[in-house]
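Structure first, then comments.
In the numbering used here, the protein residues as written are 350 to 437.
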């Protein structure tokens with residue numbers, strides 16, 4: 350048993366998954382979590398979904414922002430609609 354590293358529990362993995370995905374976990378703990386994901390059929394799908402979601406949101410953040418004229422138009426329309434709801 351000496352030299353064997355203790356496997357992280359599923360609860361520990363789920364509690365620290367975003368820390369892992371964000372790269373904010375110490376390397377030894379990162380490796381333990383990674384080993385768990387390699388063998389756990391319960392945790393890996395959750396990790397895979399969260400990883401894909403994070404990648405998708407990062408891609409969205411790099412897309413072009415709407416032109417300021419369009420943003421102003423949308424903002425004015427929102428204010429107009431919001432004011433109409435207050436009257437009724």
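Note that beta-carbon positions come from the ideal geometry of N, C-alpha and C, so glycine has one too.
Query: Exposure label - residue 424; buried when at least 16 CB within 10 Å; Result: exposed
Query: CB contact flag (residue 386, residue 402, <8 Å); Result: no
Query: Contact under 8 Å by Cβ, residue 384 with residue 359; Result: no
Query: Nearest-angstrom Cα separation, counted from residue 400 out to residue 411; Result: 17 Å
Query: Simplified DSSP assignment, three categories, for residue 355; Result: coil
Query: Residues of its chain near residue 375, where Cβ-Cβ distance is below 7 Å and the 5 sequence neighbours each way are ignored; Result: none
Query: Residue 377 versus 389, 363, 394, 355, residue with shortest Cα-Cα distance; Result: 355
Query: Residue 350 - DSSP class collapsed to helix/strand/coil; Result: Low confidence applies here, because residue 350 scores a pLDDT of 42, under 50, leaving its location unreliable and the question unanswered by this model.
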